[in-house]
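Numbering (this note's numbering), first residue to last: 45 to 124.
Here a beta-carbon is modelled for each residue, glycine too, at the ideal position from N, C-alpha and C.
All values derive from a computational prediction rather than experimental measurement.
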Amino acid sequence: MDLNSIGWNEEAREKILFDADRALQEAVREAVETLGGRSREEVYEFLFAKLQPQFVDFQPGPDLSACADAVARGEVSLDS
Numbered sequence: 045m046d047l048n049s050i051g052w053n054e055e056a057r058e059k060i061l062f063d064a065d066r067a068l069q070e071a072v073r074e075a076v077e078t079l080g081g082r083s084r085e086e087v088y089e090f091l092f093a094k095l096q097p098q099f100v101d102f103q104p105g106p107d108l109s110a111c112a113d114a115v116a117r118g119e120v121s122l123d124s
């Protein structure tokens, strides 16, 4: 078995992605519920602090920025 061929099967990949999405959704939900009216920077810091310990090599990207912007602007709907 070649080391480059070792990886997660599709079912495991889907589960990992689902869990990561759920972690982001829960962090955003908490931000909406607790940080109403706060700046984008404060929301971003909150989201980063919530998510960073949950991932081995956490590297926030544009998705985290977009979520922070939406929370700060009051554009996140918690209905669903």
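If distances are taken between C-alpha atoms only, which option among the options comes closest to residue i?
| i | options | result |
| --- | --- | --- |
| Val-115 | Gly-81, Ala-64, Glu-54, Asn-53 | Gly-81 |
| Ser-83 | Lys-59, Ala-112, Ile-60, Ser-49 | Ala-112 |
Exposed or buried, what is residue i when buried is set at 16 or more other beta-carbons lying within 10 Å of its beta-carbon?
| i | result |
| --- | --- |
| Leu-47 | exposed |
| Val-100 | exposed |
| Leu-61 | exposed |
| Ala-75 | buried |
Taking only the alpha-carbon atoms, compute the straight-line gap between residue i and residue j and give it to the nearest angstrom.
| i | j | result |
| --- | --- | --- |
| Lys-91 | Pro-106 | The question names Lys, but residue 91 in the sequence shown is Leu. Each residue's Cα considered, the two are about 13 Å apart. |
| Leu-122 | Glu-55 | 28 Å |
| Leu-51 | Glu-58 | As written in the sequence, residue 51 is Gly, which differs from the Leu given in the question. Using only the alpha carbons, I get a separation of about 13 Å. |
| Glu-119 | Ala-110 | 11 Å |
| Ser-49 | Glu-85 | 41 Å |
| Pro-104 | Leu-68 | 11 Å |
| Ala-64 | Met-45 | 29 Å |
Report the CB separation of residue i from residue j in whole angstroms; it is logged as a contact under 8 Å.
| i | j | result |
| --- | --- | --- |
| Val-72 | Leu-79 | So it is not a contact: roughly 10 Å between Cβ atoms. |
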